[in-house]
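What follows is one structure encoded as structure tokens, with my remarks underneath.
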Amino acid sequence: MNKPGRRRTEITIETHSLTIIRTSGAKSDFAYCRNCRTKTAVFSQSHASLIFRVDSSELERLCQNSQIHYASADALCGDSLAGFFKKEICYVED
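Just add 418 to wherever you are in the sequence shown, counting from 1, and you've got this note's numbering.
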């Protein structure tokens, strides 16, 4: 309960996460993803597990539950990974 003459201030804090993926020498792999209907960066399961800090088995479970998906036979869709883990991804080549 507020006393007369007192104000209540509500503060909302929004955070933003950016994951920067730096490739040295080799070009990043991109492929057309039929689910997203766009060209997207693709990641092997082992690279995705390192970048997003999850086990390969967890990535497989997420795929089975259609929470993320493959863009090609052996490459995970970067857009679905970024969307699920709520991260913005920036690709930088050295």
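By construction, the Cβ of each residue, glycine as well, lies at the ideal position given by its N, Cα and C atoms.
Straight-line gap, residue i to residue j (C-alpha atoms, nearest Å)
i: L468; j: K457; result: 22 Å
i: Q482; j: G501; result: 16 Å
i: C495; j: R424; result: 52 Å
i: E432; j: L480; result: 26 Å
i: R471; j: E478; result: 14 Å
When the options are compared against residue i, the one with the closest alpha-carbon
i: H487; options: T427, R455, P422; result: R455
i: A491; options: F461, E428, I431, R425; result: F461
i: K504; options: Q485, R424, A489; result: Q485
Whole-number beta carbon distance between residue j and residue i, since they are thought to touch under 8 Å
i: F448; j: A466; result: Incorrect: roughly 15 Å between the Cβ atoms, too far for contact.
i: S464; j: S474; result: 7 Å
Residue i Cβ short of 6 Å to the ligand ATP heavy atom set
i: Y488; result: Looking for the ligand ATP in the displayed structure turns up nothing, as the structure carries no ligands at all.
task: With a floor of 4 residues, list each alpha helix (DSSP H) that falls wholly inside the segment 448 to 487, ordered by position along the chain.
output: Counting whole runs of 4 or more residues, the segment 448 to 487 contains the alpha helix (DSSP H) stretches 463 to 470, 474 to 482.
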